[in-house]
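Report on the following structure.
Number of protein chains: 2
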Amino acid sequence: MSKPKILVTNDDGITAPGIRALVSFMNEIGDVTVVAPNSPQSGKGHAITINSTLTFEEITLEGPQRDYSLSGTPVDCVKFALDKILDYKPDLVVSGINHGANNSINVIYSGTMSAAVEAGVEGLQAIGFSLLDYNWDADFSQSKEFIQDIVRKILANPLPQGIVLNVNIPKLPAEEIKGIRVCKQADAKWEENFDERINPHGKKYYWLTGYFNNMDSSPDADENALSNGYVSVVPVKFDLTAYEYIDVLKKSLE
Amino acid sequence: MSKPKILVTNDDGITAPGIRALVSFMNEIGDVTVVAPNSPQSGKGHAITINSTLTFEEITLEGPQRDYSLSGTPVDCVKFALDKILDYKPDLVVSGINHGANNSINVIYSGTMSAAVEAGVEGLQAIGFSLLDYNWDADFSQSKEFIQDIVRKILANPLPQGIVLNVNIPKLPAEEIKGIRVCKQADAKWEENFDERINPHGKKYYWLTGYFNNMDSSPDADENALSNGYVSVVPVKFDLTAYEYIDVLKKSLE
């Protein structure tokens, strides 16, 4: 049986420790190609590059995989890989491991998850992985067992069309992680607090800052599974239609 | 009764004809503040600015509204308006009128719709408007009646928490538009075809191009309502959880 073909991308950039860890885990499972941004792309959501151009180069990094560095966003990487780099449809697209949480509402801001969603739109199996540790030198080793387990199970039992997975891993030693929980996206939001500063020329400028406000106490919310020491898995879809509200709206608008 | 407070933004930039048309329509309904990008931000999806800073300035444009130009993305504009410019919660946030279609899968790439979604995340009533005409000098006048009608109805009957509207308007004279149809997001995708060129220094570079592939023939899909001459309205939610697949996934992953 031939090895599964796996495309790896991320949003922290091709040399980030998180993607290198993911590549090493995937090299034990399949035939790996990496197409990832040449610079950090955190918070880029589902951005695509339409008003400027892209360049790419093959680079040499440790391991048997092929590595391509692209001057675009995570979503650009998926689109470009499928059109210009791969001459086959990969069996799986994995994105990450993100340095930091992408659970709850973060799914819509996240370049990591947008790459996975884009792969889903393209009709491919896709999973985004994130570790709840923003440090560049975070320890990704405890993720290995869970990531490989989830990947093997999805390769064996593919997701239906229109669904990708959002996997978040708590910042805990492997022996303290209690297992995997399939969850819903917690109802939460960021409360903004732009930090105002004055530049050397006397003009005001602002940094986006804020705090995360979890408004969801239900035990099946990803935020709560993570707080309780579980790896959270949320099935994510990109048909955003609120079907349950169509009939109400028909009465008021048509 | 005081006039409703309306925040207007877009992704084509604060001076685009589409947003100026929307501002003029909203000035007849409410008390309008504009916080919009100082440069084109098409295709920016739900991107936020976290690795650089933002500046803004108040500018003077025709009309009674206040206009603030921000150096960020559409989502930044909503966040910044709520934290630093408005000292109240607006009754409604409208985004657009986008120069070009945002129906179907375009909802996830669109800066226009991401601004509306961000307002929804913030707990506000929000609508994104797009005209199926990419021309800078498109005729937005036929949109007026439909946009004002939808806005007045939503102000009178607010949407439930967690839902915003994606409104697309066909490129037709007013008398040929058949009415409003509440729809689902059509199942469609872009088929990429990156255009390869050679720069003056001999290096390859690429433009993202592609064609839109509608795979959805159901009459309630927005793509089909638009083709048939209707204004399409899709209720959009930002809880991306595929609830229907949670139980299946629990059996295979937990």
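The listed protein sequences correspond, in order, to chains E and R. For the first sequence, the residue numbers in the working numbering are 1 to 254. For the second sequence, the residue numbers in the working numbering are 1001 to 1254. For glycine and all other residues, C-beta sits at the position ideal for the given N, C-alpha and C. Quantities reported herein were computed from a predicted structural model and do not represent experimental measurements.
Residues sharing a beta bridge with residue i, DSSP
{"i": "E:R197", "result": "E:Y205"}
{"i": "R:G1210", "result": "R:E1192"}
{"i": "R:F1056", "result": "R:L1070"}
{"i": "R:F1129", "result": "R:V1167"}
{"i": "R:D1031", "result": "R:K1005"}
{"i": "E:H99", "result": "E:L131"}
{"i": "R:I1180", "result": "R:V1231"}
{"i": "R:V1094", "result": "R:V1008 and R:I1127"}
{"i": "E:V236", "result": "E:V164 and R:T1241"}
{"i": "R:P1037", "result": "R:L1070"}
{"i": "R:A1221", "result": "R:K1184"}
Proximity of residue i and residue j at Cβ, strictly below 8 Å
{"i": "R:S1069", "j": "R:Q1185", "result": "no"}
{"i": "E:I97", "j": "E:S24", "result": "no"}
{"i": "E:G128", "j": "E:K178", "result": "no"}
{"i": "E:M26", "j": "E:V117", "result": "no"}
{"i": "R:I1029", "j": "R:V1151", "result": "yes"}
{"i": "R:Y1205", "j": "E:I163", "result": "no"}
{"i": "E:I77", "j": "E:A16", "result": "Sequence check: residue 77 of chain E is Cys here, not Ile. No, these two residues do not count as a Cβ contact at 8 Å."}
{"i": "R:P1037", "j": "R:P1074", "result": "yes"}
{"i": "R:S1039", "j": "R:L1054", "result": "no"}
{"i": "E:G111", "j": "E:Y134", "result": "no"}
{"i": "E:V107", "j": "E:D67", "result": "no"}
{"i": "R:I1019", "j": "R:D1012", "result": "yes"}
{"i": "R:I1180", "j": "R:V1234", "result": "no"}
{"i": "E:N213", "j": "E:E192", "result": "no"}
{"i": "E:L92", "j": "E:P4", "result": "yes"}
{"i": "R:L1132", "j": "R:V1236", "result": "no"}
{"i": "E:V8", "j": "R:L1253", "result": "no"}
{"i": "E:M215", "j": "E:A188", "result": "yes"}
{"i": "E:T170", "j": "E:L226", "result": "Residue identity differs from the one stated: residue 170 of chain E is Pro in this sequence, not Thr. Closer than 8 Å, so yes."}
{"i": "R:G1045", "j": "R:F1238", "result": "no"}
{"i": "E:F146", "j": "E:V231", "result": "yes"}
C-beta neighbour in chain E for residue i, strict 8 Å
{"i": "R:E1192", "result": "yes"}
{"i": "R:Y1245", "result": "yes"}
{"i": "R:L1226", "result": "no"}
{"i": "R:I1006", "result": "no"}
{"i": "R:V1121", "result": "yes"}
{"i": "R:E1145", "result": "no"}
{"i": "R:S1114", "result": "yes"}
{"i": "R:V1032", "result": "no"}
{"i": "R:K1189", "result": "yes"}
Proximal residues of chain R, C-beta to C-beta of residue i below 9 Å
{"i": "E:P40", "result": "N1051"}
{"i": "E:V256", "result": "Absent from the structure is residue 256 of chain E, since the part of chain E shown begins at 1 and ends at 254."}
Partner residues on chain E for residue i, Cβ-Cβ distance less than 7 Å
{"i": "R:K1044", "result": "A47"}
{"i": "R:D1083", "result": "E192, N193 and F194"}
{"i": "R:I1163", "result": "A242 and Y245"}
{"i": "R:L1253", "result": "I150, K153, I180, V182 and V233"}
Chain-ordered chain E contacts of residue i [CB-CB under 8 Å]
{"i": "R:Q1125", "result": "Per Cβ cutoff of 8 Å: no residues; R:Q1125 is ~13 Å from chain E at best."}
{"i": "R:K1250", "result": "V182"}
{"i": "R:F1238", "result": "I105, I108 and L240"}
{"i": "R:S1218", "result": "What R:S1218 touches in chain E: nothing, since even the nearest Cβ is about 12 Å away."}
{"i": "R:Q1185", "result": "D239, L240 and T241"}
Chain-ordered chain E contacts of residue i [CB-CB under 9 Å]
{"i": "R:R1066", "result": "In chain order: nothing, as chain E lies at least about 17 Å away."}
{"i": "R:F1080", "result": "E192, F194, Y206 and L208"}
{"i": "R:V1117", "result": "I108 and L240"}
Chain R residues whose Cβ lies nearer than 7 Å to that of residue i
{"i": "E:K178", "result": "The contacting residues do not exist; E:K178 stays about 11 Å from chain R at best."}
Minimum Cβ-Cβ distance from residue i to chain R less than 8 Å
{"i": "E:I105", "result": "yes"}
{"i": "E:D87", "result": "no"}
{"i": "E:W55", "result": "One point to set straight first is that residue 55 of chain E is Thr, not Trp, in the sequence displayed. Chain R, which has a Cβ nearer than 8 Å to the Cβ of E:T55, makes this yes."}
{"i": "E:P74", "result": "no"}
{"i": "E:N157", "result": "yes"}
{"i": "E:V93", "result": "no"}
{"i": "E:L172", "result": "no"}
{"i": "E:L132", "result": "no"}
Minimum Cβ-Cβ distance from residue i to chain B less than 8 Å
{"i": "R:P1235", "result": "This model lacks chain B altogether, as its protein chains are E and R."}
Interface partners of residue i on chain R, CB under 8 Å
{"i": "E:P160", "result": "Y1245"}
{"i": "E:K203", "result": "T1055"}
Inter-stretch contact at 8 Å, needing at least 3 Cβ pairs: the region 1071-1085 of chain R / the region 197-216 of chain E:
Per the Cβ contact rule, the region 1071-1085 of chain R is in contact with the region 197-216 of chain E (3 or more Cβ pairs under 8 Å).
Can we say the region 217-225 of chain E touches the region 1040-1060 of chain R, given the rule of at least three CB pairs closer than 8 Å?
Verdict: no, contact absent.
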